[in-house]
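2 protein chains.
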Amino acid sequence: MRADARRNRARVLEAAEAVFAAEGTSASTEEIARQAGVGIGTVFRHFPTKQALLEAILADRLARLTEEARSLSASPDPGAALLALFTRMVEQSAAKKTYVDALANAGLDAMSAMSQIGQQARQALGVLLARAQQAGAIRDGIGVTELIALVVGASRAAEHSGWDQDVQARILQVIFDGLRP
Amino acid sequence: MRADARRNRARVLEAAEAVFAAEGTSASTEEIARQAGVGIGTVFRHFPTKQALLEAILADRLARLTEEARSLSASPDPGAALLALFTRMVEQSAAKKTYVDALANAGLDAMSAMSQIGQQARQALGVLLARAQQAGAIRDGIGVTELIALVVGASRAAEHSGWDQDVQARILQVIFDGLRP
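So the protein lines, in turn, are chains A and B.
When the count follows our numbering, it moves up by one through the first sequence with no breaks and lands on 672 for the last residue.
When the count follows our numbering, it moves up by one through the second sequence with no breaks and lands on 672 for the last residue.
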């Protein structure tokens, strides 16, 4: 892909995330093109369907998570870095759920569609977790499976409490204290 | 309601739970009547629609939870009793989710339909939690809102890990350790 095409694609993705967050995933492609400052033909060239756009946003988020986990693995305090990333994943879960639900409503299993990029994110989180355990910040005996399940569970708990910031902070405190050695 | 009508109603509920668990909520009313040992007319007299039956099962489960929480409040070790109840709620959440989803698919919000009985369960759990906190077994600063959100979150975490018993045990251990003072 040429550099300007790559830039346009990234701008469409960024605009689509903002428009979907504001108006829901039924927002029009016209609005996305307008906010991205490109023609509607450019949107359709990169993403022929709404599904393709939703999948690309999810893949993009997972790729960013992978990068973030990889760079945090080199942090001098991998335990604190892991818990900060855990918090961000919970905070971003509402938006992520919107995309996953929209794809599910279209009959698509978002997670299996991005199994390869999901595996990379899982692996990067596993490395960060291992570093945090080696640093003595996180208890032994839990693996990346438990970690991801706890992120998913904490996200659901936060959703259940209506995204109340105080409740969410107390829930995360319980889980983080439980993750200590 | 006369005593034999009450007994029949209870038998239909019990049979319906067993049949739905085995065959899903699309199971036939005939099968439920057969397993309950009553005529199909008896099922329809107590539960005119499938929705009424699903709501009654959920209400029944919530009522049992309320009773259990109330009786556990008198336990000599309310902390251990609370965590054991937490574990049972997570274990039963898969079945509960089936009913809630079936009602949601019928356009009904199960939880608002049973708000009164839900409030009683919430209150009973709150009393048990307060006893456990007074006994020094559970940290201060969390309330029944956080407790229920954590049960919901742990249930989702267990579901996400495919109800793997080992993963579920490790997830609960993290949360229970985090709930300690």
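Quick reminder that beta carbons are idealized off the backbone N, C-alpha and C, glycines included.
Item to check | Which of helix, strand or coil DSSP assigns to F667 of chain A | outcome: helix
Item to check | CA-to-CA distance, G669 of chain A to Q664 of chain B, given in whole angstroms | outcome: 8 Å
Next on the checklist: Helix, strand or coil for S678 of chain B? Go by DSSP, reduced to three states.
Outcome noted: The structure shown does not extend to residue 678 of chain B, since chain B is modelled only from 492 through 672, so no value can be given for it.
Checklist entry - If you measure from the beta carbon of D592 of chain A to each beta carbon in chain B, is any gap under 9 Å? => result no
Item to check | Residue ranges of each alpha helix (DSSP H) within the segment 522-560 of chain B, 4 or longer | outcome: 531-537
Item to check | Span separating the alpha-carbon of E559 of chain B from that of D655 of chain B | outcome: 26 Å
Checklist entry - Checking contacts by CB at 9 Å: is I666 of chain B closer than that to chain A? => result yes
Item to check | Range covered by the alpha helix (DSSP H) that runs through G634 of chain A | outcome: Taken as a continuous stretch (DSSP letters only), G634 of chain A belongs to no alpha helix (DSSP H), as it is neither H nor E.
Checklist entry - Taking any Cβ of chain A, which residues in the segment 551-566 of chain B have a Cβ under 9 Å from it, in chain order? => result none
Next on the checklist: Between B:R647, B:D495, B:K541, B:G530, which has its C-alpha nearest T578 of chain B's C-alpha?
Outcome noted: B:R647
Item to check | Secondary structure of T516 of chain B, DSSP reduced to three states | outcome: coil
Next on the checklist: Applying the 10 Å Cβ sphere with the 16-neighbour rule, what's the burial state of Q610 of chain B?
Outcome noted: exposed
Checklist entry - Hey, is the segment 495-510 of chain B in contact with the segment 532-541 of chain B, meaning 3+ C-beta pairs nearer than 8 Å? => result yes
Checklist entry - What's the C-alpha gap between S562 of chain B and G532 of chain B? => result 36 Å
Checklist entry - Name the residues in the segment 637-651 of chain A whose C-beta lies less than 7 Å from a C-beta of chain B; which are they? => result E637, A640, L641, V643, G644, A645, R647, A648, H651
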